[in-house]
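Below is one structure, written out as structure tokens; the observations come after it.
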Amino acid sequence: MLKGAVIILIVMLVYTGVYSLASIIAPKAMVRSTFTAITGKALDSIQDADYLKALSERQRNVGLYALTTVIAGFFFLFVGFQKSQKWAWYGFLVVGGIAWLWGLIYSLVIGDGLNSLLMAIGIVIFLVGLLIPIKVFFGKKEA
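Residue numbers (the working numbering): 175 to 317.
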């Protein structure tokens, strides 16, 4: 049960890492659907190159911040989660829960369908990985 959860959480961390790296490497592609959802305009309609550059750099920074949660997640996973230490389960819950839930809620509020879908997929993987081993972390201790 724990081994399966570890594999699922590795998948979730890799998924998050790819999303993060895409934001760092191709920020315009990652901000396109959010820009359209907020403004109703295509990203290509921006005439001011400096504005587009600032928007892209902001997205690149968001990708870097997300990448730090991936690094924290691998730390939680390999230092404590594999050993059934409760602090690691709670660490995943707090760090992952805040990131995935905020991303989903924000995307839904602004009407960004693409990012809403990506966030929903991440949340499902995240919750499955956390809930499969819940008895390992919080089950009764045998005497």
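Ideal Cβ placement from N, Cα and C applies to all residues, glycine included.
Would residue i be called buried (16 or more neighbouring beta carbons within 10 Å of its own) or exposed?
i             : result
threonine 213 : exposed
threonine 242 : exposed
serine 194    : buried
valine 283    : exposed
glutamine 233 : buried
glycine 296   : buried
glycine 174   : No answer is possible for residue 174: it lies beyond the span of the chain, which begins at 175 and ends at 317.
alanine 223   : exposed
alanine 216   : exposed
Give me the Cβ distance between residue i and residue j, rounded to the nearest whole Å; I'm assuming they're in contact under 8 Å.
i           : j              : result
valine 310  : methionine 175 : 6 Å
alanine 262 : valine 253     : 7 Å
valine 236  : serine 197     : 6 Å
valine 180  : leucine 267    : Contact flag wrong, Cβ pair sits at about 16 Å.
valine 205  : serine 230     : 7 Å
Look at residue i and residue j and say whether their C-beta atoms are less than 7 Å apart.
i                 : j              : result
threonine 208     : aspartate 286  : yes
glycine 303       : isoleucine 199 : no
phenylalanine 300 : tryptophan 274 : yes
Using CA coordinates, which residue listed in the options is at the minimum distance from residue i?
i                 : options                           : result
leucine 238       : Thr210, Pro201 and Phe255         : Pro201
phenylalanine 312 : Ala179, Ile198, Ser258 and Ile199 : Ser258
serine 290        : Lys177, Leu226, Ile308 and Gly277 : Gly277
isoleucine 184    : Tyr264, Leu275 and Gly247         : Gly247
methionine 293    : Ile306, Gly271, Leu305 and Pro307 : Gly271
valine 188        : Val244, Thr210, Ala228 and Ala211 : Val244
Any beta carbon from chain D within less than 7 Å of residue i's own beta carbon?
i           : result
glycine 247 : The chain inventory of the structure shown lacks chain D, comprising one protein chain alone.
Measuring from the CB of residue i, is there a heavy atom of the ligand ATP at a distance below 6 Å?
i           : result
alanine 200 : Among the components of this structure there are no ligands whatsoever, and the ligand ATP is therefore not found.
Exercise. Any chance you could list the alpha helix (DSSP H) runs of at least 4 consecutive residues sitting entirely within the segment 231-290, in chain order?
Key: 260-284
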